[in-house]
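Numbering (the UniProt record's numbering), first residue to last: 1 to 365. Note that CB positions come from ideal geometry on N, CA and C, so glycine has one too. One structure is given below, encoded as structure tokens.
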Ligand SMILES: O=C(O)C(=O)C[C@]1(C(=O)O)C=C[C@@H](O)C=C1
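And the structure:
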């Protein structure tokens, strides 16, 4: 045995020993989670117990990120703990998560990033179907896209909140990388058609105009559907993400072709109950004001007066004649905070209608 082999042998023995310790500790943690489930059930016999605690998960992940000693990055360590917590929660109660499908979409990637892989993920064909699945109780939570840094708001999601009783329970951001991909059998063929979702075409417009000018672009219902078609049809390619490429065994012709290097989509987690404060939260509301001069000023003034940061304000057309404008507003803070309740009661005095969509932890991962 040479020096290298001897040294590698020692290090691998050490890794085996550490792995055993990690396994014992993870098992201990899983037993604690099982005990937590027993305590929750005993305290609420016969009731619908909420095993998933978004505020607690955000606190755990923040603590891990902040106290991580390295050499792994804080993000990487939090990702590992995300999966451990996901497996612990599945022991308490397997969670059903509805998302805008089909399998292989960026929304599924966002759902797994937020909840970890130990959930039952339920693909649905449309944003309103995700809302319905959660409203009916068939799924515990849902995941829907709400805004993209290149293309702006996903209005369909915003409009759903006007009529839905669901609450926003969390948010997750995903860096979106688009790739041009083909079936390995079609690799050397000329591409005459590219399939993708309309949002992805929009996010890759300049790249396409420069590198695939004149090739037919066909819009389909999702990136995963684009990948499925490219896998079957000779002479075609798809623009989609890593998950779809893997699912349909496609090969990349060009990677990360999005026009903006920071292309990011924000997704919302929707559920049936309100989330207690986690210590670093955001809130969302829908407000309709009377159609009179100074209405927007009246709406925004309480935020300034009480020192609350707005993170987004969007105007949407009213669904009925009585609503002149509907504003969708995100701001920092939780409804349990004194400042937030002051702002909301001041807005309530002036507004035609104020709908609290929920307070939820600012995305950690
Ligand atoms: O603290 C709880 O209430 C738990 O159920 C434990 C635990 C965890 O594994 O840390 C699991 C699931 C919850 O979503 C939050 C935390």
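Kindly list the residues whose CB is nearer than 8 Å to the CB of residue i, restricted to its own chain and excluding five residues on each side of it in sequence; keep chain order.
i, result
"residue 74", "64, 65, 66 and 68"
"residue 41", "49"
For residue i, tell me which candidate among the options has the shortest Cα-Cα distance.
i, options, result
"residue 309", "334, 289 and 298", "334"
"residue 165", "196, 270, 298 and 178", "270"
"residue 120", "139, 13 and 348", "139"
"residue 178", "88, 208 and 317", "208"
"residue 188", "237, 330 and 267", "237"
"residue 157", "180, 146, 217 and 362", "146"
"residue 184", "20, 245 and 330", "245"
"residue 239", "153, 325, 357 and 199", "199"
The alpha helix (DSSP H) with residue i in it runs from where to where?
i, result
"residue 327", "Unbroken run through residue 327 is the beta strand (DSSP E), 326-332; no alpha helix (DSSP H)."
"residue 88", "74-92"
"residue 41", "3-43"
"residue 64", "54-67"
To which residues of the same chain is residue i closer than 6 Å at the C-beta, ignoring the five residues directly before and after it?
i, result
"residue 277", "334 and 336"
Per DSSP, residue i is paired with what?
i, result
"residue 152", "148"
"residue 284", "330 and 358"
"residue 289", "351"
"residue 196", "219"
"residue 392", "Examination of residue 392 is not possible in this model, given that the chain is present from 1 through 365 alone."
Within the present structure, is the beta-carbon of residue i separated from the nearest heavy atom of ligand 1 by less than 8 Å?
i, result
"residue 448", "A query on residue 448 cannot be resolved here, the shown segment of the chain reaching from 1 to 365 and no further."
"residue 56", "yes"
"residue 41", "no"
"residue 92", "yes"
"residue 89", "yes"
"residue 60", "yes"
"residue 277", "no"
"residue 111", "no"
"residue 77", "no"
"residue 36", "yes"
"residue 98", "no"
Please work out which residues of its chain come closer than 7 Å, Cβ to Cβ, to residue i, disregarding the five sequence neighbours upstream and downstream, and give them in chain order.
i, result
"residue 113", "172, 174 and 365"
"residue 253", "180, 181, 182 and 237"
Starting from residue i, trace the beta strand (DSSP E) both ways and give me its first and last residue.
i, result
"residue 173", "167-175"
"residue 312", "310-316"
Consider the C-beta atom of residue i and the heavy atoms of ligand 2; say whether any pair is separated by less than 8 Å.
i, result
"residue 29", "No copy of ligand 2 appears in this structure; the ligands present are ligand 1."
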